[in-house]
Every structure is written in C-alpha cells, then in structure tokens.
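Going by the numbering used here, the sequence shown opens with residue 3, and the numbers climb by one from there.
Glycine is no exception: its CB is placed at the ideal position from the N, C-alpha and C atoms.
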Amino acid sequence: YIGPAVMLGILTIVALVKDGPGGDLLADPKDTAKNIVPVSFELEGSVHSERYRLFEGVTDLMEKLRRDPRVRVSFFSGGTEQRNEALLRKIFLPDGTSLWDLAAGRVFGRTSMTPTGVPLPARVRDRVKKDLHRVNPDIADVIIVDDIKEFVPESQRG
Numbered sequence: 003y004i005g006p007a008v009m010l011g012i013l014t015i016v017a018l019v020k021d022g023p024g025g026d027l028l029a030d031p032k033d034t035a036k037n038i039v040p041v042s043f044e045l046e047g048s049v050h051s052e053r054y055r056l057f058e059g060v061t062d063l064m065e066k067l068r069r070d071p072r073v074r075v076s077f078f079s080g081g082t083e084q085r086n087e088a089l090l091r092k093i094f095l096p097d098g099t100s101l102w103d104l105a106a107g108r109v110f111g112r113t114s115m116t117p118t119g120v121p122l123p124a125r126v127r128d129r130v131k132k133d134l135h136r137v138n139p140d141i142a143d144v145i146i147v148d149d150i151k152e153f154v155p156e157s158q159r160g
C-alpha cells in the first residue's frame with residue numbers, strides 16, 4: 003500500500019437534523035429533501051430513527067478521493083457501529099456506490115475509541131480518543147478530516 007489513508011469523521015460530512023424551534027437550517031432550501039438522509043437502526047433492542055443533513059460538496063469530495071489510486075478512505079465516528087453503517091449505506095456517489103461500499107469495511111465506531119480514563123462529567127472528547135493507528139499503523143500516512151480535533155490524541159496530531 004502506497005499513499006495516504008484519508009479518515010473522515012462521520013459528523014464532518016453530515017449533521018443531525020434537529021426539528022422544532024432552534025432547529026437546523028437545511029443546506030438546500032429549494033429542495034430540502036435532497037440533502038436529508040433518514041436513518042433507522044437498532045440499538046439495545048429498540049429502533050432509533052434519525053435524520054441527517056448531508057453537507058454540500060461531500061459526494062464530490064468522496065468521488066475525487068475514490069478516483070485517486072493512492073488514497074484509501076475510512077470513516078471514524080463516536081456513534082454506534084449500527085448507526086454508522088446505516089448512515090453510510092444511505093449516502094451515494096453519482097454512480098450509485100454507497101459510502102459504506104467506498105470504505106470497504108474501514109468504518110470505526112464507538113467501540114473502536116480508546117478510553118482515556120477521564121471520568122464523567124468530562125466531555126466525550128476528553129473521555130475517549132480516535133487512535134489513528136487503527137486506520138493505518140503508519141500514522142504519518144493518515145490524513146484526518148474531523149470537526150473536533152480533540153478526538154485525536156495530542157501525540158498523534160501533525
């Protein structure tokens with residue numbers, strides 16, 4: 003394998019839609035359904051339904067990364083594995099390839115995060131970290147795109 007592993011945080015490409023007063027503005031006010039990804043997944047015996055707004059330009063970026071033979075795409079999110087899979091299976095590139103298929107099993111979730119030992123009531127980003135070695139043993143070849151840099155251990159930030 004030669005080239006960078008690009009790791010994306012799932013909440014970097016989508017945002018949970020909050021309905022009601024103070025709810026999210028949709029990315030495309032002319033066609034609100036276009037950017038909304040409804041997801042249902044089972045967790046601890048119950049079915050959860052959520053809606054996510056896909057950020058503008060995500061599918062174009064994924065398509066460019068896919069065309070580069072040096073790049074391998076992974077996703078790493080603090081969400082449950084069930085949610086991550088359900089969501090990535092619902093987002094498609096123009097040719098119909100899902101982001102789940104693009105990642106080819108390189109999807110990491112809550113159980114892949116490393117506990118820091120910091121107790122509650124600390125923020126999640128202080129209690130668990132995304133160890134980039136899970137994506138690629140040589141972290142010098144990992145490019146991370148995430149909305150919260152504190153999820154990566156300080157020793158692994160470039």
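Gln-84 sits close to Phe-43, with the two beta carbons spaced by under 8 Å. Residue environment analysis places Leu-101 among the buried positions, since at least 16 neighbouring C-beta atoms fall within 10 angstroms of its C-beta.
For Arg-68, the CB contacts under 8 Å within the same chain, skipping 5 residues up- and downstream, are Val-75, Leu-95, Thr-99, Leu-104 in chain order. The criterion of a C-beta distance shorter than 8 Å is satisfied by Ile-145 and Pro-6.
For Val-75, the uninterrupted beta strand (DSSP E) segment begins and ends at 74-78. With fewer than 16 neighbouring CB atoms inside 10 Å of its own CB, Val-49 falls in the exposed class. The three-state secondary structure of Arg-68, taken from DSSP, is helix.
Taking C-beta atoms as the reference points, Val-39 and Leu-89 count as a pair closer than 8 Å. Nearest neighbour of Asn-37 by Cα position, chosen from Val-19, Glu-46, Val-120, Ser-51, turns out to be Val-19. Within its own chain, the residues whose Cβ lies closer than 6 Å to the Cβ of Arg-53, once the five positions on either side in sequence are excluded, are Val-19, Ile-38, Pro-40, listed in chain order. Per DSSP, Arg-112 is not a residue of any beta strand (DSSP E), being assigned neither H nor E. Judged by DSSP secondary structure, Ile-38 falls within the beta strand (DSSP E) whose first and last residues are 38-45. Val-154 and Val-130 have their alpha carbons spaced roughly 9 Å apart. Contact between Gly-11 and Asp-148 is confirmed by a C-beta separation of about 4 Å, below the 8 Å threshold. At least 8 Å separates the beta-carbon of Val-126 from that of Phe-78.
Arg-55 sits away from Ala-106, with the two beta carbons spaced by 8 Å or more.
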